[in-house]
Structure formats: C-alpha cells, structure tokens
Amino acid sequence: MKRLKQLFYCVLAAFMFTACQSYKKVPYLQDAEVVLYSTQNEQLYDAKIMPKDLLTIVVSCTSPELAAPFNLTVATQNNAALSYATTQPVLQQYLVDNEGNINFPVLGELHVGG
Numbered sequence: 157m158k159r160l161k162q163l164f165y166c167v168l169a170a171f172m173f174t175a176c177q178s179y180k181k182v183p184y185l186q187d188a189e190v191v192l193y194s195t196q197n198e199q200l201y202d203a204k205i206m207p208k209d210l211l212t213i214v215v216s217c218t219s220p221e222l223a224a225p226f227n228l229t230v231a232t233q234n235n236a237a238l239s240y241a242t243t244q245p246v247l248q249q250y251l252v253d254n255e256g257n258i259n260f261p262v263l264g265e266l267h268v269g270g
C-alpha cells in the first residue's frame with residue numbers, strides 16, 4: 157500500500173511538471189497582434205439593395221398582435237395542406253421595383269434601394 161502511494165505521488169508530480177508550459181509556448185497566444193491587424197485590413201462587402209431584389213422583412217415587438225399587420229404570411233401548398241403541423245410560416249417577400257421602392261403594409265411605399 158505504501159509503494160502504491162509513493163507511485164501515485166511520483167506520477168502526480170511528473171504530471172504537474174509536464175502539464176505546465178511557459179507563457180510563450182502556448183500556441184493560441186503567439187502572434188496575437190498579427191491576427192488582430194490582418195483582419196482589419198480586409199475590405200468588407202457592402203450589401204446594396206438593387207432593383208428586382210426580393211426582401212423578407214420581419215417586424216418584432218413585445219406584443220405579437222401589434223406586429224401581425226406587418227408580418228404577412230403566404231399560403232403555399234405545403235403550409236396550407238399541413239396547417240395542423242408545427243411548421244414555420246412562409247413570410248411574404250417584397251420585390252424591389254426599378255426605382256428602389258417596395259409596397260410595405262400599413263406604411264405604403266418605402267424607398268429601400270441603395
């Protein structure tokens with residue numbers, strides 16, 4: 157039993173000395189400055205709404221009945237035939253016209269292009 161206890165302490169000591177590494181040898185902390193500055197130099201893509209784009213707009217608020225007139229659903233064959241199922245409703249898409257406008261419920265015509 158005494159030998160088993162000594163063996164356990166030796167293994168524990170060996171594990172403790174090999175498990176710890178110096179600060180500079182930890183791979184995920186090396187060259188952190190290079191990673192930080194290389195991501196800032198990449199140019200970001202600017203999304204622009206163009207004519208003939210299809211937009212899905214979701215209005216949310218704390219009271220769902222207030223957002224209901226804005227979140228119109230479209231009856232498709234799948235959700236009409238399976239109305240009892242717990243499927244996500246398909247929201248209406250808005251087509252952007254050549255002037256960059258959409259016809260949004262309650263608010264009327266909105267300019268969204270550009």
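Each residue of the sequence shown is one higher than the one before, counting from 157 in this note's numbering. We put the beta carbon where it would ideally sit given N, CA and C, even for glycine. Given the structure is predicted, the values throughout are model-derived calculations rather than measurements.
Residue i - DSSP class collapsed to helix/strand/coil
i	result
Q249	strand
L211	strand
E265	strand
E221	helix
Contact under 8 Å by Cβ, residue i with residue j
i	j	result
I205	G264	no
L251	L210	yes
L247	T229	yes
V262	P225	yes
N254	P207	yes
Contacting residues, own chain, Cβ-Cβ under 7 Å from residue i (five flanking each side not counted)
i	result
Q244	none
S216	A223
Close Cβ partners of residue i (< 8 Å) along its chain, the five nearest in sequence each way excluded
i	result
G270	K204, I205 and G256
V167	none
One or two residues paired with residue i in a DSSP bridge
i	result
T229	L247
F260	G264
Close beta carbons around residue i, own chain, < 6 Å, minus the five adjacent residues each side
i	result
F164	none
Q249	L210 and T212
Beta carbon proximity, residue i to chain B, threshold 8 Å
i	result
L247	Here there is only one protein chain, and chain B is not present.
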